[in-house]
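Numbering (my numbering), first residue to last: 6 to 351.
Working notes, structure below.
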Ligand code: SAM
Ligand code: SF4
Ligand code: SF4
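Structure representation (structure tokens):
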């Protein structure tokens, strides 16, 4: 990764709001071994729920070919997600293939951590640059509830240890906060990760998908959370690392490290959004709240050449006007059909 680019890359398309295409999130499958209530509530997703079949999902070669075309259009960062991406057992092989793409500077992974420990060394060797681990609580019972009765906190904490030993000493730990469900756990999480080198980031519970029964009163606005945390551990604001960074960054005044807040509901950041999303069945989404994707798999499997595929992606990006989070307050926008989070991976 980070190798020089051997050919002149296109400056890339700009969308209708003049935003470039820089990041691609790749969902490698829609299945998950957890049933988090804000994403895939267990009552809607029983064990026999029909997820995509193997033939419907993009193969690694197909993902890599598309990712190469995205890189040619300006994408520099790739993030593997799902569903639970580590349910694709040979994920390290995909990481290796993606890391070798000219122009790609970073390949990252978002995971619930349940299957990470055994695979983390192979991922590291394959070139995985960064890991974001989702962890909503540090209490075993609340963890069980938050994973829909499927997860075991001890396994995830072990995975964090294994990742540290493999060299991932500065992971992002993402926590979705739901009022009345896990917000009482916030101080314990902060306590646990302060001084660890990892960056805990609190995410406002979003109205993604159609089945999580989202209500505004379940959202704990970042400003409130920040105030609650700062009463005990004073915080100092930090500048963004780069334009388009989704988390606002703070450091503990006493030197206990960094903490972040992702305020997609209370402080939308659509203006800088340079992220595209590829679903496991090869549909391209230009927004987390997209109604429908653009089918790339069809063209790919029908024999389209690289120029045709790149032209398709470019045209989709140029037509993009999405800014859902900025429009969220408008009821007609909120009540429409849309993609589920586990299909495009957050
Ligand atoms: N299964 C992996 C995991 O949980 O890390 C990757 C996929 S998951 C869909 C990606 C991220 O989306 C997770 O960090 C999860 O917490 C977040 N997420 C899912 N539903 C959400 C919601 N309604 N609001 C905010 N974040 C959500
Ligand atoms: Fe699975 Fe991740 Fe969704 Fe939880 S947030 S149900 S772990 S895909
Ligand atoms: Fe980007 Fe859509 Fe989220 Fe706005 S709502 S930040 S356009 S993904």
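Beta carbons: idealized from backbone N, C-alpha and C, even for Gly.
Do residue 297 and ligand 3 come close, with the Cβ less than 7 Å from some heavy atom? no
Let me have the residue list for ligand 3: C-beta closer than 7 Å to any non-hydrogen atom, ordered along the chain. 269, 273, 274, 275, 278, 280, 292, 293, 294, 327, 328, 329, 330, 331
Express the C-alpha separation of residue 48 and residue 9 in angstroms, rounding to a whole number. Reliability fails at residue 9, whose pLDDT of 46 lies under 50, so the model's placement of it is uncertain and no value is given.
Pull up the CB-CB distance for residue 209 and residue 271, whole angstroms please, since I reckon it's below 8 Å. 6 Å
From the DSSP secondary-structure annotation, give me the bridge partner or partners of residue 69. According to DSSP, residue 69 bridges with nothing at all.
What does the Cβ neighbour count give for residue 252, buried or exposed, with the cut at 16 atoms within 10 Å? buried
When every heavy atom of ligand 2 is checked, does at least one fall within less than 7 Å of the C-beta of residue 40? yes
Report the start-end ranges of each alpha helix (DSSP H) in the segment 181-238 that is 4 residues or longer and not cut off at the edges. 191-198, 227-237
Assign residue 337 to buried or exposed, taking buried as 16 or more other Cβ atoms, counted over all protein chains shown, within 10 Å of its Cβ. Low confidence applies to residue 337: its pLDDT is 48, below 50, so where it sits in the model is not reliable, and the reading given next is rough at best. Result: exposed.
Looking at residue 103: is its Cβ nearer than 8 Å to the Cβ of residue 72? yes
Give the secondary structure of residue 150 by DSSP, where H, G and I count as helix, E and B as strand, and everything else as coil. helix
Under three-state DSSP, which class holds residue 136? strand
Applying the criterion that 16 or more other CB atoms from any shown protein chain within 10 Å of the CB defines a buried residue, is residue 7 buried or exposed? Caution is warranted here: a pLDDT of 46 is assigned to residue 7, below 50, making its placement in the model unreliable, and no coordinate value can be reported.
Terminal residues of the alpha helix (DSSP H) in which residue 160 lies: 158-171
Ignore the nearest five residues each way along the sequence and tell me which others in residue 16's own chain have a CB closer than 6 Å to its CB. none
Identified DSSP bridge partners for residue 429: Nothing can be reported for residue 429: it is not among the residues displayed for the chain, which extend from 6 to 351.
Could you have a look at residue 296 and say whether DSSP puts it in helix, strand or coil? coil
For the alpha helix (DSSP H) containing residue 80, name the first residue and the last one. Looking at the DSSP string, residue 80 is not in any alpha helix (DSSP H), and its letter there is neither H nor E.
Among the residues of its own chain, which have a CB less than 8 Å from the CB of residue 279, if the five just before and after it don't count? 24, 25, 26, 27, 28, 249
Three-pair Cβ contact test at 8 Å for the segment 217-229 versus the segment 257-270: yes
May I ask you to check if the CB of residue 44 is nearer than 7 Å to at least one heavy atom of ligand 2? yes
Quick one: Cα of residue 69 to Cα of residue 99, how far? 8 Å
Less than 8 Å separating the beta-carbons of residue 37 and residue 118? no
Anticipated Cβ contact below 8 Å, residue 171 with residue 129, distance rounded: 5 Å
Check residue 280 in the structure and name its three-state DSSP category. strand
On the premise that residue 320 lies in contact with residue 33, defined as a C-beta separation below 8 Å, what is that separation, rounded to the nearest angstrom? Residue 33 to residue 320, Cβ: 25 Å. No contact.
Whose C-beta lies closer than 6 Å to the C-beta of residue 111 among residues of the same chain, with five residues either side of it excluded? 82, 134
Does the distance from the CB of residue 235 to the CB of residue 78 come in under 8 Å? no
Do you know offhand how far residue 244's Cα is from residue 257's? 14 Å
Can you tell me whether residue 113 is helix, strand or coil according to DSSP? strand
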